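Asks: Residue numbers (this note's numbering): 17 to 253. We put the CB at the ideal spot given by N, CA and C, even for glycine. Quick caveat, the model's predicted, so the values are computed rather than measured.
1. Exposed or buried, residue 122, counting other C-beta atoms within 10 Å across all chains shown (16 or more means buried)?
2. Helix, strand or coil, according to DSSP, for residue 108 in the structure here?
3. Give, in chain order, every unbroken run of the beta strand (DSSP E) that is at least 3 residues long and sits entirely within the stretch 116-158.
4. Is it true that the CB of residue 44 sits closer than 8 Å to the CB of residue 91?
5. May I have the straight-line CA-CA distance separating residue 241 from residue 197, to the nearest angstrom?
6. For the 8 Å Cβ check, are there 3 or more pairs between the stretch 70-83 and the stretch 159-166?
7. Taking residue 318 as the reference, which of 161, 153, 133 and 238 has the closest Cα?
8. Assuming residue 189 and residue 159 form a contact by the criterion Cβ under 8 Å, report the distance between their Cβ atoms to the nearest whole angstrom.
9. What is the rounded straight-line gap between the Cα of residue 201 and the Cα of residue 183?
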């Protein structure tokens, strides 16, 4: 029975460590990013996620973070782990400029490639930019997300889970799980690329393997647990 208990803990831990969350619990859709869109956030420590889509290069979405209820500035840029975004090069992904209240400018390029599954919206995402400053003493900030190509993206900001107040204003609409799935299932129009079809096939195979391998692992562990438990019962008989 002790072995059964230990293996149960291992199985549970497997599920826990396999899920990485996107900490953004007030989802919005950005309605227009074709020119320059400005979105205001009255408290940038409250968790928000903005789902958008660029349709060409040199488009901008500006987030004016008006205040902070704690000295913590935290944000990230994510893309769907789907074609065509998940085969884009670094130069094709969105980039970010942070302008602080004291007019300091910091540029962020999409160096990261951290994939994870977001359970609430049932989406596979890739984090490409992450920033966290736990000693941000300025009163406000401006974050500019700029496109380098037509591309879907998520801007996630804040960390506090507050549901009963609205902090965001601008050209956005509140987004439910069905709206997230609509955004996620889109297939943006991409430029002709002779190697694109082959690249997409490879990516789809890799994504399938990332799903299949954990499932096989869970089934294997479950069968081992059942086998040991059965033997334990037979030995007692």
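Replies: So, from the data block:
1. As a working note, residue 122 is residue 106 in the chain shown. By the neighbour-count rule (16 or more Cβ atoms within 10 Å), residue 122 is not buried but exposed.
2. Residue 108 sits at position 92 when you count from the first residue of the chain shown. Of the three classes helix, strand and coil, the one that applies to residue 108 here is helix, per DSSP.
3. Taking only runs of at least 3 residues, the beta strand (DSSP E) segments lying wholly in the stretch 116-158 are 121-124, 130-134 and 139-149.
4. Counted from its first residue, the chain shown places residue 91 at position 75. Counted from its first residue, the chain shown places residue 44 at position 28. The answer is no: Cβ separation not under 8 Å.
5. The count along the chain shown starts at 1 and reaches residue 241 at position 225. The count along the chain shown starts at 1 and reaches residue 197 at position 181. The straight-line gap from Cα to Cα measures roughly 36 Å.
6. yes
7. Here the chain comprises residues numbered 17 to 253, so residue 318 is not present and cannot be evaluated.
8. To locate residue 189, count along the chain shown from 1; it is residue 173. To locate residue 159, count along the chain shown from 1; it is residue 143. Contact doesn't hold; Cβ gap of about 20 Å is too wide.
9. Here residue 201 is taken as the residue at index 185 of the chain shown, counted from 1. Here residue 183 is taken as the residue at index 167 of the chain shown, counted from 1. About 28 Å.
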